[in-house]
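Structure first, then comments.
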Amino acid sequence: MAQYGPRLVVPIDVKKKPREQKVPLHNRWHPAIPPVAEVTVGELVRVEMVDFSGGGITNEFTAEDIKHADPYIVLEIELSDKGNQRFPYESKVSFTSPMAPLTPKVVVSIDLKSKPWQQKIPLHNRWHPRIPPVAEVKTGELFRVEMVDWTGGAIKDDDSALDIKFLDLSSVHYLSGPIRIVDKDGVAAKPGDLLAVEICNLGPLPGDEWGYTATFDRENGGGFLTDHFPCATKAIWYFEGIYAYSPQIPGVRFPGLTHPGIIGTAPSEELLGIWNERERKLVENGLESLKLCEVLHQRPLANLPTTKGCVLGKIKEGTPEWEKIAREAARTIPGRENGGNCDIKNLSRGSKIYLPVFVEGANLSTGDMHFSQGDGEVSFCGAIEMSGFLDLKCEIIRDGMKEYLTPMGPTTLHVNPIFEIGPVEPRFSEWLVFEGISVDESGRQHYLDATVAYKRAVLNAIDYLSKFGYSKEQVYLLLSCCPCEGRISGIVDSPNAVATLAIPTSIFDQDIRPKAGKVPVGPRLVRKPDVLKCSYDGNLPTTKNPCSSSAI
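According to my numbering, the sequence shown is numbered sequentially starting from 2.
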């Protein structure tokens with residue numbers, strides 16, 4: 002297994018005093034203090050440290066440790082004669098701290114060396130009310146959920162896109178959970194409640210700090226622009242703290258806004274039936290009835306239940322129960338009333354998700370971790386996909402669905418979650434914004450179609466950025482995973498919807514703004530190597546834009 006993440010040069014054992022650390026500490030500045038490690042320029046390293054008092058200040062509800070700390074011997078607080086007492090006399094004030102544990106309880110752990118179906122705590126890749134929970138947590142309890150990447154480790158850090166081209170999409174997404182949620186009295190969340198889920202912390206799994214962005218072959222998944230880009234492609238990304246860079250898309254480096262692509266509750270039997278029925282009708286009649294299918298070519302129109310690739314957590318494959326549930330269980334591809342695959346890129350630290358509860362215990366599941374994503378995730382496998390973890394805390398709002406969610410459909414189940422975005426996100430001050438209107442590549446007018454408008458905005462951005470030395474495949478993947486902002490700017494001015502795509506200019510190592518002179522050209526700006534790419538072996542026609550700077 003490749004080594005990812007920073008090299009640890011100064012480790013800390015929190016159970017030991019400063020003078021007992023394996024790598025010695027110091028509390029003075031002097032030129033003769035010898036170094037404890039050596040690093041090479043450009044190397045990513047980790048330095049752990051004690052708090053400034055060296056552990057002399059505790060989390061107990063008393064200020065005696067502060068009062069009697071020696072300010073002149075910071076990092077070297079001595080033990081007294083009284084055994085394990087920190088101070089030369091007994092504290093006169095004693096409290097039992099009511100604080101929650103300082104570290105989250107791990108309820109779903111992941112072994113990166115094991116396949117998804119070999120995990121000690123089983124995963125699942127379908128939505129169904131009868132998939133049993135793998136853990137139970139109480140409201141207010143801080144807990145950790147680890148997760149594999151959405152393909153379960155099928156995509157590798159190598160120099161080929163064949164794993165993308167031939168990926169079995171019947172097995173995605175692999176989710177961690179379900180997790181049963183109960184209140185502090187042990188009473189489970191009930192249908193009609195609202196589950197408030199707070200993201201307290203998140204990140205890549207330690208030792209697995211890398212990810213990938215890709216486009217699928219048009220015959221196997223496709224993407225938003227699959228009629229323009231029918232080939233399977235892949236770019237590998239490496240993480241340096243909050244930043245990501247890719248050898249396949251050089252000249253770009255940006256901070257990631259890490260988030261879960263999927264978080265949701267289990268559907269009820271009734272809601273599951275509604276999903277399956279409406280999506281079946283779409284598959285049966287959509288190609289003939291929906292004009293948008295003439296402009297967007299990603300297929301199938303919906304992914305219906307199938308036993309192929311089905312993983313149902315604790316339910317053993319081959320049993321009658323598994324066979325019945327596998328034929329009914331909904332795929333995890335789209336977002337729905339339960340939340341699910343919403344791919345909201347700003348859903349990072351400090352965010353809250355208010356999810357409707359349809360079954361007892363809520364049965365919360367999550368997965369599809371992203372280091373970064375652009376609005377729309379346009380290439381489909383378009384975020385920087387990775388394994389990762391979430392530290393979560395839940396509350397139950399009793400009868401919250403009736404109180405806060407208005408059904409938009411024929412039943413009270415036709416609701417949608419509410420998302421509260423957290424305070425943490427990258428700061429960008431300069432953007433280049435590309436507009437699209439609801440006129441397709443053939444020049445045909447569509448009526449207030451925001452999807453056509455957004456497709457045109459993305460194509461405009463791809464063609465423009467390719468003038469600066471990038472291949473169009475590089476730009477397509479970049480716009481799918483960098484922190485760009487998509488907007489519906491106009492939806493009322495007939496006949497054109499207006500969509501925009503805003504790209505932060507500071508992520509590039511060159512000035513990409515229009516200028517009076519010509520676009521700079523030359524070997525310095527040719528971005529090589531290109532993305533990893535496979536051939537397209539199908540016979541579906543490729544959409545061409547005859548007026549672009551080169552054929553898309």
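Ideal placement from N, C-alpha and C gives every residue a C-beta, glycine not left out.
Mapping DSSP to helix, strand and coil, what is residue i?
i    : result
C535 : coil
S490 : strand
V253 : strand
A162 : coil
I316 : coil
E220 : coil
R20  : helix
P117 : helix
Y5   : coil
C294 : helix
S172 : helix
S507 : helix
F144 : strand
P99  : Note on P99: pLDDT 45, under 50, position unreliable in the model; the coordinate value appears next. Correct three-state label for P99: coil.
With a Cβ-Cβ cutoff of 9 Å, do residue i and residue j count as a contact?
i    : j    : result
P268 : H129 : yes
E442 : V532 : no
G204 : D150 : no
E271 : L414 : yes
A233 : V358 : no
C395 : V198 : yes
I182 : V138 : yes
G377 : Y477 : no
I419 : N497 : no
Y239 : Y5   : yes
L479 : V107 : no
E177 : A155 : Inspection of the sequence shows that residue 177 is occupied by Ser rather than by Glu. No, Cβ-Cβ distance for S177 and A155 is not below 9 Å.
I263 : G340 : yes
Whose CA, out of the options, lies closest to the CA of residue i?
i    : options                   : result
I34  : T41, P25, I132 and V40    : P25
P505 : K516, K534, Q446 and F435 : F435
A370 : C343, P357, L196 and P231 : The displayed chain sequence assigns Met, not Ala, to residue 370. M370 has its Cα closest to that of C343, out of C343, P357, L196 and P231.
H260 : N202, R279 and E295       : N202
A503 : C485, E421, D512 and S495 : C485
T104 : P123, S115 and E142       : E142
I243 : T544, P7, K166 and H447   : P7
N364 : V173, C311 and L196       : L196
L356 : D450, K519, H447 and G336 : G336
E431 : N461, Y477, G375 and F509 : F509
L297 : F381, D52 and W238        : F381
V379 : I489, V135, T227 and T152 : T227
E1   : I334, I111, Y537 and C311 : Nothing about residue 1 can be read from this structure; the chain reaches only from 2 to 553.
Q511 : F469, P542, P547 and L393 : F469
F167 : P542, K545, S536 and L541 : S536
R131 : A500, A331 and F230       : A331
V109 : P179, R47, R428 and A155  : P179
K16  : N28, G56 and T41          : G56
E49  : V37, E39, V42 and P12     : P12
P542 : S54, P133, K121 and P231  : P231
Could you tell me the boundaries of the alpha helix (DSSP H) in which residue i lies?
i    : result
N277 : E270 to S290
N451 : Inspection of the sequence shows that residue 451 is occupied by Ala rather than by Asn. Looking at the DSSP string, the run of the alpha helix (DSSP H) that includes A451 is A451 to L466.
P321 : P321 to E329
K68  : E65 to K68
Hey, quick one: how far does the beta strand (DSSP E) through residue i stretch, first residue to last?
i    : result
N342 : G340 to N342
R8   : R8 to V11
S481 : Careful: S481 lies outside any beta strand (DSSP E), inside the alpha helix (DSSP H) at K473 to C482.
W238 : T234 to E241
C201 : L195 to G204
P261 : H260 to T266
P357 : K353 to P357
E137 : A136 to K139
K106 : K106 to V109
R300 : No beta strand (DSSP E) holds R300; DSSP gives it neither H nor E.
R47  : V46 to V48
A245 : Y244 to Y246
Check whether the Cβ of residue i sits closer than 8 Å to any heavy atom of the ligand SAM, and report yes or no.
i    : result
P256 : Only the bare structure without any ligand can be found here, which leaves the ligand SAM out of the picture.
Hey, is residue i's beta-carbon within less than 9 Å of any beta-carbon in chain C?
i   : result
P36 : Here chain C cannot be found, since the structure has a single protein chain.
### Message
Threshold first: 3 residues or longer. Then list the beta strand (DSSP E) segments lying entirely within the stretch 366 to 405, N to C.
### Response
381 to 386 and 389 to 398
### Query
Residue ranges of each beta strand (DSSP E) run of no fewer than 3 residues wholly in the stretch 411 to 448, ordered along the chain?
419 to 421 and 432 to 438
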